[in-house]
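K.L.:
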């Protein structure tokens, strides 16, 4: 699904990503962990088209997508959650979902004047899909609530729902657990697992919450000093001396 091949990236004289190589298998939920400064966010930004790489390549479904812009990758079914605009606080949760699909008929002045029927038809289809999505993610009870009034966890669920409105094939999740209470974190985790199982969505997850990584991810990639240190199941990684040293220092390892 995604191949990261010998990627390198520097900011000035500081090399942040160094000959980084890994694969994300189709249908997987792959976790990425590592100490602060390991390069996790940078490699995410490179895959998502936010940062250009200096050398190497990114392959998506067998196609070289190296240095494509984020909007081009979005059209190919790959997105990072923050690529979808933050919620419109003065619109309802349901309306926020209806706003997501791109290339809507109502965006065209020509259609507004000459094809109002097409606009109404698409709006009805968007509403139907949005109702299905909001029920799927468990926010049906707040569908008419202003998005600005939702809790932090509910907003994260709404953000996940917006990815469903795009029919994305690959979703990059960056610190999705941050600021979410334990109850809604379980809902969030369950929804990611269901999207993976029911819809075949592939996920790459950066997360500091190791409990969430353990529940969600197989395999897990450990990044250190801009390259892959080790990859495998979470149980093996947690007991790996190299990983322990990277996080806590050689005295602990």
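Residue numbers (the working numbering): 807 to 1059.
Cβ coordinates follow ideal geometry from the N, Cα and C atoms, glycine included.
(1) Rounded to a whole number of angstroms, what is the C-alpha to C-alpha distance between residue 940 and residue 901?
(2) When we look at the beta-carbon of residue 968 and count the other beta-carbons within 10 Å, is it buried (16 or more) or exposed?
(3) Roughly how many angstroms lie between the CA atoms of residue 938 and residue 1015, to the nearest whole one?
(4) I need the DSSP call for residue 837, collapsed to helix, strand or coil.
(5) Under 8 Å between C-beta atoms, does residue 834 make it to chain B?
(6) Leaving out five residues on either side along the sequence, give the residues of the same chain with a beta carbon under 6 Å from the beta carbon of residue 1001.
(7) Assign residue 880 to one of three DSSP states: helix, strand, or coil.
(8) So, do the stretch 808-823 and the stretch 988-1000 have three or more beta carbon pairs nearer to each other than 8 Å?
(9) Closest to residue 841 by CA distance: which of 1024, 1013, 1020 is it?
(10) Keeping to the same chain, check which residues put their C-beta closer than 8 Å to that of residue 1039; ignore five residues upstream and five downstream.
(11) Within its chain, find whatever has a CB closer than 7 Å to the CB of residue 1048; leave out the 5 residues flanking it on each side and keep chain order.
(12) Where do the N-terminal and C-terminal ends of the alpha helix (DSSP H) with residue 847 fall, by residue?
(13) Can you tell me whether residue 843 is helix, strand or coil according to DSSP?
(14) Restricting to runs no shorter than 4 residues, where is the alpha helix (DSSP H) found entirely within the stretch 1008-1032?
(15) Where does the unbroken alpha helix (DSSP H) through residue 1040 begin, and where does it stop?
(16) What first and last residue would you give for the beta strand (DSSP E) that runs through residue 862?
(17) If we ignore side chains and look at the alpha-carbon of each, how far apart do residue 958 and residue 943 end up?
(18) Apply the 10 Å Cβ neighbour rule to residue 1045 and answer buried if 16 or more other Cβ atoms are within range, or exposed otherwise.
(19) Specify, as a first and last residue, the run of the beta strand (DSSP E) that residue 808 falls within.
(20) Identify the continuous alpha helix (DSSP H) that holds residue 994 and give its terminal residues.
(21) Output yes or no for whether 8 Å exceeds the beta carbon distance between residue 879 and residue 899.
(22) Is residue 827 buried or exposed, if buried means 16 or more other CB atoms sit within 10 Å of its CB?
(23) For residue 826, list the residues DSSP reports as bridge partners.
P.N.:
From the atom records:
(1) Here the question's residue 940 lines up with position 134 in the chain shown. Here the question's residue 901 lines up with position 95 in the chain shown. If I take the Cα positions, the gap works out to 11 Å.
(2) Residue mapping note: residue 968 aligns to position 162 of the chain shown, counting from 1. Counting Cβ neighbours within 10 Å, residue 968 comes out buried, since at least 16 surround it.
(3) Within the chain shown, the letter at position 132 stands for residue 938. Within the chain shown, the letter at position 209 stands for residue 1015. Between residue 938 and residue 1015, the C-alpha separation is close to 30 Å.
(4) Here residue 837 is taken as the residue at index 31 of the chain shown, counted from 1. Reduced to three states, the DSSP call for residue 837 is strand.
(5) You won't find chain B in this structure, because it holds only one protein chain.
(6) To locate residue 1001, count along the chain shown from 1; it is residue 195. Closer than 6 Å at the Cβ level, and outside the excluded window around residue 1001, lie 1007.
(7) Stepping through the chain shown from its first residue, residue 880 is reached at position 74. If DSSP states are grouped into helix, strand and coil, residue 880 belongs with the helices.
(8) Contact between the stretch 808-823 and the stretch 988-1000 is absent, because fewer than three Cβ pairs lie under 8 Å.
(9) Within the chain shown, residue 841 is the residue found at index 35, counting from 1. Taking only the C-alpha atoms, the option nearest residue 841 is 1013.
(10) For this step, residue 1039 is matched to residue 233 along the chain shown. Closer than 8 Å at Cβ, skipping near neighbours: 1024, 1025, 1026.
(11) As a position in the chain shown, residue 1048 is number 242, starting the count at 1. Counting only Cβ-Cβ distances below 7 Å, and skipping sequence neighbours, we find 1035, 1036.
(12) As a first step, residue 847 is located in the chain shown; it is residue number 41 there, counting from the start. Residue 847 -> alpha helix (DSSP H) spans 846-853.
(13) The sequence position of residue 843 within the chain shown is 37, counting from 1. In the structure shown, residue 843 sits in coil (DSSP, three-state: anything other than H, G, I, E or B).
(14) DSSP runs (the alpha helix (DSSP H)) wholly in the stretch 1008-1032: 1016-1022.
(15) Along the chain shown, read from residue 1 onward, the residue named residue 1040 stands at position 234. Residues 1040-1044.
(16) Locating residue 862 in the chain shown gives position 56, where the first residue counts as 1. Per DSSP, residue 862 belongs to the beta strand (DSSP E) from 861-866.
(17) Stepping through the chain shown from its first residue, residue 958 is reached at position 152. Stepping through the chain shown from its first residue, residue 943 is reached at position 137. Distance between the alpha carbons of residue 958 and residue 943: 15 Å.
(18) Numbered from its first residue, the chain shown carries residue 1045 at position 239. The residue is exposed, with fewer than 16 neighbouring Cβ atoms inside 10 Å.
(19) For the purposes of this step, residue 808 is taken as the residue at position 2 of the chain shown. It spans 808-817 - the beta strand (DSSP E) in which residue 808 sits, taken as one unbroken run.
(20) Indexing the chain shown from 1 puts residue 994 at position 188. Where residue 994 is concerned, the enclosing alpha helix (DSSP H) stretches over 988-1005.
(21) Looking up residue 879 in the chain shown gives position 73. Looking up residue 899 in the chain shown gives position 93. Result no, Cβ atoms of residue 879 and residue 899 do not sit closer than 8 Å.
(22) By one-based count along the chain shown, residue 827 stands at place 21. The residue is exposed, with fewer than 16 neighbouring Cβ atoms inside 10 Å.
(23) On the chain shown, position 20 is the one that residue 826 refers to. 813, per the DSSP bridge assignment.
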